[in-house]
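A.B. asks:
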Amino acid sequence: MELTETLAAYRPLLATGFGIAGLLVLILRARMNAFAALLLVAIFSALAAGMAPDDAFDTLSRGLGGTLGFIATVIGLGALFGAILQASGALDALASKLSSTSGFRTNQWRIAGIGLLASTPVFFDVALIILAPLILTMAHERLKPAMSLGLPLMAGLAVGHAFLPPTPGPIAIAELIGADLGWVILFGALTGAIALAVSGPLLAIFLEKRGLLPVGDPAFDFDEPASATASTMPRVERAIFLIALPLALILLGTLSGMLPDGPVRYVLEIVGHPFSALLIACGASWLLLFPKTEAGRKHMSDALARAFEPTGAVILVTGAGGAFKQVLVDTGAGEQIATAALGIGFGPLLTGYVLAVILRLAQGSSTVAMITSAGLTAPIVAMASLTAPQLGLVAIAIAAGATTGSHVNDSGFWLVGRIFGISPGETLRTWTVSTTLISLVGFAMCLLLYALLGLA
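Sequential numbering from 54 applies to the sequence shown in our numbering.
Below is the structure:
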């Protein structure tokens with residue numbers, strides 16, 4: 054009798070546990086699409102927890118709608134912004150500037166910075182494909198292994214993809230746990246800078262000095278003509294300004310809360326909202342980068358028409374993650390998870406990170422790991438009564454966990470191997486190590502900053 058009562062009391066928690074196990078089986082073994090798998094698991098968890106069918110589907114609808122109302126708009130605007138930068142040649146201009154300046158060591162650090170900037174408006178794989186020819190040519194000219202520049206570039210891309218909005222991952226995390234994007238940007242930049250330095254240039258230098266960098270056989274024609282001349286490329290300063298613009302506006306919007314009521318605060322609150330900031334960035338990019346030639350305008354038009362193609366899957370997966378989170382809230386499973394985690398000393402920072410690491414290693418997608426672990430961590434965050442800065446750090450900790458250990462179940466792992474012409478073993482010894490360092494250093498920085506905020 055006592056066992057039956059205990060099982061009944063923890064029915065929502067057990068339903069969630071079986072649901073998460075089922076999610077991993079569906080994605081890993083059945084190879085089911087992540088959106089369909091998340092939605093199916095959300096339905097199962099709700100019904101298994103004892104919800105009536107009507108209530109279960111109402112919960113799913115509210116979770117999907119509540120999450121996508123914000124995220125779909127931001128991801129869509131971010132995709133539009135990235136398409137303008139890419140099609141105009143702004144990213145190419147930014148990267149090409151490096152090929153004729155400074156020494157090789159300096160360029161390793163600059164390439165890392167370019168990767169960080171380029172990944173903010175553009176998806177990881179797209180930015181890597183755009184910038185790979187440049188770094189392959191630079192390494193070839195200096196008779197260096199391509200990975201001596203590849204690791205700094207990819208570390209920058211990975212940090213930007215995980216830590217800095219308007220990429221989908223950190224936006225989804227912030228929305229699911231209720232973190233302010235301004236604090237996410239601020240702490241993402243602080244922790245990301247240290248993680249990038251360790252996992253990119255410093256790791257590349259360390260491996261190169263010990264002869265551990267693979268030479269590889271990149272499949273790239275080094276005599277390939279440039280796609281644009283210096284006279285048709287946008288100015289580098291414009292590219293840097295435009296990429297930094299939405300981040301600066303969102304940060305100013307966050308900090309405006311410290312100002313007294315008045316016209317300045319009013320204006321900053323408007324322009325600093327993510328919707329406004331990205332709209333302004335899109336408008337500024339259009340004005341400053343609009344092509345002057347008919348061919349350029351045709352290319353821009355085609356790029357804008359395709360801008361939303363890669364975002365559809367991300368938006369749907371994020372919405373399904375929001376539905377799963379709402380199931381946790383409405384069934385009471387989230388509260389039980391939170392109570393158990395806090396009872397054994399697992400606060401929201403550690404819980405979010407550990408869950409993200411497990412999910413990332415298990416199924417490969419960093420975005421799915423971010424969304425699922427954020428949904429599971431949200432109830433713990435709600436019970437912990439965290440400040441806005443602490444919430445921002447929890448978001449970055451989850452992002453750090455979801456970056457760790459890119460390996461054979463991650464499509465990016467194979468893309469890296471193909472571009473640089475290295476074997477799976479060599480990719481594990483370089484790229485996988487780099488992503489693991491990003492995760493560990495990023496989480497260590499979060500712990501340090503979280504402790505400092507707790508003492509303040």
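Even glycine gets a Cβ: it sits at the ideal position worked out from N, Cα and C. Being a predicted model, the structure only gives us computed values, none of them experimental.
Exposed or buried, residue 504, counting other C-beta atoms within 10 Å across all chains shown (16 or more means buried)?
C.D. replies: To locate residue 504, count along the sequence shown from 1; it is residue 451. The residue in question, residue 504, is exposed, as its Cβ has fewer than 16 Cβ neighbours within 10 Å.
A.B. asks: Does the distance from the C-beta atom of residue 360 to that of residue 133 stay below 7 Å?
C.D. replies: Here residue 360 corresponds to residue number 307 of the sequence shown, with the count starting at 1. Here residue 133 corresponds to residue number 80 of the sequence shown, with the count starting at 1. The answer is yes: Cβ separation under 7 Å.
A.B. asks: Can you check the region 188-262 for any alpha helix (DSSP H) of at least 4 residues that lies completely inside it and give the ranges in chain order?
C.D. replies: 200-216, 221-230, 234-250, 256-262
A.B. asks: Is the region 340-347 in contact with the region 220-228, if contact means three or more CB pairs nearer than 8 Å?
C.D. replies: no
A.B. asks: With distance defined between alpha-carbon atoms, name the residue in 109, 220, 263 nearest to residue 377.
C.D. replies: Position 324 of the sequence shown, counting from 1, holds the residue named residue 377. With distances taken between CA atoms, residue 377 lies nearest to 109 out of 109, 220, 263.
A.B. asks: Could you round the C-beta distance between residue 251 and residue 494 to whole angstroms and report it? I think they count as a contact, below 8 Å.
C.D. replies: Residue mapping note: residue 251 aligns to position 198 of the sequence shown, counting from 1. Residue mapping note: residue 494 aligns to position 441 of the sequence shown, counting from 1. Their Cβ separation, rounded to whole angstroms, is 5 Å, which keeps residue 251 and residue 494 in contact under 8 Å.
A.B. asks: So, do the region 460-472 and the region 426-446 have three or more beta carbon pairs nearer to each other than 8 Å?
C.D. replies: no
A.B. asks: On the three-state DSSP scale, how would you describe residue 345?
C.D. replies: Taking the sequence shown and counting its residues from 1, one reaches residue 345 at position 292. Coil at residue 345, not helix or strand.
A.B. asks: Find the nearest neighbour of residue 87 within the set 400, 220, 373, 492, judged by alpha-carbon distance.
C.D. replies: By one-based count along the sequence shown, residue 87 stands at place 34. It is 373.
A.B. asks: Are the region 479-490 and the region 178-197 in contact at 8 Å, needing three or more beta carbon pairs?
C.D. replies: no
A.B. asks: Roughly how far, in whole angstroms, is the beta-carbon of residue 180 from the beta-carbon of residue 171, given that I think they are within contact range, below 8 Å?
C.D. replies: Indexing the sequence shown from 1 puts residue 180 at position 127. Indexing the sequence shown from 1 puts residue 171 at position 118. Indeed they touch by this definition, with Cβ atoms about 4 Å apart.
A.B. asks: Residues in the same chain with beta-carbon distance under 7 Å from residue 337, minus the five sequence neighbours each way, listed in chain order, please.
C.D. replies: By one-based count along the sequence shown, residue 337 stands at place 284. The residues are 295, 298.
A.B. asks: Output yes or no for whether 7 Å exceeds the beta carbon distance between residue 96 and residue 240.
C.D. replies: Residue numbering aside, residue 96 sits at position 43 when the sequence shown is read from its first letter. Residue numbering aside, residue 240 sits at position 187 when the sequence shown is read from its first letter. For residue 96 and residue 240, no; Cβs fall outside 7 Å.
A.B. asks: Could you tell me how far apart the beta carbons of residue 235 and residue 205 are, in whole angstroms, since I believe they sit closer than 8 Å?
C.D. replies: Within the sequence shown, numbered from 1, the residue matching residue 235 stands at position 182. Within the sequence shown, numbered from 1, the residue matching residue 205 stands at position 152. Rounded, the Cβ-Cβ distance is 28 Å, inconsistent with contact.
A.B. asks: What is the DSSP secondary structure of residue 276, reduced to helix, strand or coil?
C.D. replies: In the sequence shown, counting from the first residue as 1, residue 276 sits at position 223. Residue placement at residue 276 is flagged as unreliable, the pLDDT there being 42, under the threshold of 50; the coordinate-derived value follows with that caveat. In the structure shown, residue 276 sits in coil (DSSP, three-state: anything other than H, G, I, E or B).
A.B. asks: Could you please give the first and the last residue of the uninterrupted alpha helix (DSSP H) stretch that includes residue 107?
C.D. replies: Within the sequence shown, residue 107 is the residue found at index 54, counting from 1. Here the alpha helix (DSSP H) through residue 107 covers 106-141.
A.B. asks: Quick check on residue 397: buried or exposed, where buried means 16 or more other Cβ atoms within 10 Å of its Cβ?
C.D. replies: Start at 1 with the first residue of the sequence shown, and residue 397 comes out as number 344. Exposed is the call here.
A.B. asks: Identify which residue in 475, 72, 93, 382 has its Cα closest to the Cα of residue 49.
C.D. replies: Shown here, the chain extends from 54 to 509; a query on residue 49 therefore has no answer.
A.B. asks: What distance in whole Å lies between the Cβ atoms of residue 271 and residue 472, which are believed to be in contact at a cut-off of 8 Å?
C.D. replies: Here residue 472 is taken as the residue at index 419 of the sequence shown, counted from 1. Here residue 271 is taken as the residue at index 218 of the sequence shown, counted from 1. Going by Cβ atoms, the distance from residue 472 to residue 271 rounds to 7 Å, so yes, they are a contact pair.
A.B. asks: Who are the Cβ neighbours of residue 353 in its own chain at under 8 Å, not counting the five residues just before and after it?
C.D. replies: Numbered from its first residue, the sequence shown carries residue 353 at position 300. Closer than 8 Å at Cβ, skipping near neighbours: 137, 140, 141, 343, 344.
A.B. asks: Quick check on the burial criterion: 16 or more other C-beta atoms within 10 angstroms. Buried or exposed for residue 320?
C.D. replies: Within the sequence shown, residue 320 is the residue found at index 267, counting from 1. Result: exposed.
A.B. asks: For residue 475, collect the residues of the same chain with a Cβ closer than 6 Å to its Cβ; drop the 5 residues on either side in sequence, then sort them by chain order.
C.D. replies: Here residue 475 refers to the residue found at position 422 when the sequence shown is read from its first residue. Taken in chain order, the residues that qualify are 267, 269.
A.B. asks: Spatial neighbours of residue 75 within its chain, please: C-beta separation below 6 Å, excluding the five flanking residues on both sides.
C.D. replies: Residue mapping note: residue 75 aligns to position 22 of the sequence shown, counting from 1. Within the same chain, residue 75 has close Cβ partners 94.
A.B. asks: Say the cut is 6 Å; is the CB of residue 355 nearer than that to a heavy atom of the ligand NAP?
C.D. replies: Of ligands this structure carries none, so the ligand NAP is not represented either.
A.B. asks: Indicate the three-state DSSP secondary structure (helix, strand or coil) for residue 457 in the structure shown.
C.D. replies: For the purposes of this step, residue 457 is taken as the residue at position 404 of the sequence shown. Of the three classes helix, strand and coil, the one that applies to residue 457 here is coil, per DSSP.
A.B. asks: Do residue 405 and residue 426 come within 7 Å of each other at the CB atom, strictly closer than that value?
C.D. replies: Here residue 426 corresponds to residue number 373 of the sequence shown, with the count starting at 1. Here residue 405 corresponds to residue number 352 of the sequence shown, with the count starting at 1. Yes.
A.B. asks: Can you tell which of 369, 402, 254, 78 has its C-alpha closest to the C-alpha of residue 437?
C.D. replies: Taking the sequence shown and counting its residues from 1, the one referred to as residue 437 is at position 384. For residue 437, the nearest C-alpha among the options comes from 402.
A.B. asks: Taking buried to mean at least 16 other C-beta atoms within 10 Å of its own C-beta, is residue 328 buried or exposed?
C.D. replies: Working through the sequence shown from its first residue, we reach residue 328 at position 275. With fewer than 16 Cβ atoms within 10 Å of its Cβ, residue 328 is classed as exposed.
A.B. asks: Give me, in chain order, the residues of the same chain whose beta-carbon lies closer than 8 Å to that of residue 369; leave out the 5 immediate sequence neighbours on both sides.
C.D. replies: For the purposes of this step, residue 369 is taken as the residue at position 316 of the sequence shown. So the qualifying residues of the chain are 88.
A.B. asks: Hey, would you say residue 302 sits closer than 7 Å to residue 330, going by beta carbons?
C.D. replies: On the sequence shown, residue 302 is found 249 positions in, with the first residue counted as 1. On the sequence shown, residue 330 is found 277 positions in, with the first residue counted as 1. Yes, they are a contact pair.
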